[in-house]
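Everything below concerns the one structure shown next.
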Amino acid sequence: MTSKRVTGRQLRHGTPEEDLSPGQSIVVEKRGGKRFELTRIDAGRVSFNEQMDRVFHEIPPEGKRVKTNLARILLEERE
């Protein structure tokens, strides 16, 4: 695992964490001597359909069934 050293100022004025590949880390050294390590961890590829199935399994069916336009609800939530 490789690491890259940056200062707190460089972290505030840029986004070096976006250039990291999985497993790489950035060591941030602040002026007061504090050190932080940011490590990129990718959970892997996630399927939208699997996520939606998980949500539907968590929601218990209650009451009378009603036809719902799920696409409209998702678009409204994004706005």
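Under our numbering, the first residue of the sequence shown is numbered 549, with each subsequent residue one higher. Positions of the beta carbon are idealized from the N, C-alpha and C atoms, including for glycine.
Spatial distance of residue i from residue j (CA atoms)
i	j	result
E606	D590	24 Å
I574	F584	8 Å
P570	L586	11 Å
R620	R593	26 Å
L622	T616	11 Å
E598	R626	20 Å
Q572	H561	20 Å
Closest residue to residue i among the options (Cα-Cα distance)
i	options	result
T563	K612, Q599, G592 and R588	R588
K578	Q572, E566 and R557	R557
M600	L618, G611, L568 and R613	L618
Three-state class that DSSP yields for residue i in the structure shown
i	result
L586	strand
V603	helix
E577	strand
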